[in-house]
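First the structure, in the form of structure tokens, and then the observations on it.
Numbering (full-length UniProt numbering), first residue to last: 1 to 103.
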């Protein structure tokens with residue numbers, strides 16, 4: 001699997017754009033959940049995510065997340081997340097900032 005590389009300038013712009021969507025109040029930041037392609041579609045990602053959400057719900061908190069594809073955004077929506085924007089830098093694919101309050 002090849003890792004995408006972006007320039008320092010593009011990275012700065014990307015973080016500035018994400019900053020527009022981060023909640024001002026204290027919040028959890030869900031980041032970097034990945035599933036080996038051989039195991040995608042098996043429910044493992046959903047179970048890992050549900051584990052994190054159970055912790056969030058117990059804490060009665062707000063969480064922020066970035067979905068890196070529309071498919072993952074749709075999965076997160078089924079788990080109670082809401083898309084709050086769309087970020088695209090240059091020719092990159094869109095990334096969807098999302099928030100979720102305790103359900």
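Positions of the beta carbon are idealized from the N, C-alpha and C atoms, including for glycine. All values reported here derive from a predicted model rather than from experimental measurement.
Taken through DSSP and simplified to helix, strand or coil, residue 20 comes out as coil. If one requires a minimum length of 4 residues, the alpha helix (DSSP H) runs lying completely within the UniProt domain "N-acetyltransferase" (22-81) are 44-59 and 70-78, in chain order.
Cβ-Cβ distances below 7 Å link residue 86 to 94 and 96 in the same chain, with the five nearest sequence neighbours on each side left out; the list follows chain order. Between the alpha carbons of residue 67 and residue 76 lies a gap of roughly 8 Å. Remark: fewer than three beta-carbon pairs, one from each stretch, lie closer than 8 Å, so the stretch 9-26 and the stretch 38-48 are not flagged as touching. For residue 97, the enclosing beta strand (DSSP E) has its first and last residue at 96-101. Secondary structure of residue 84 (DSSP, three-state): coil. It is roughly 24 Å from the alpha-carbon of residue 23 to the alpha-carbon of residue 34. In terms of Cα proximity to residue 25, the closest of 64, 57 and 52 is 64.
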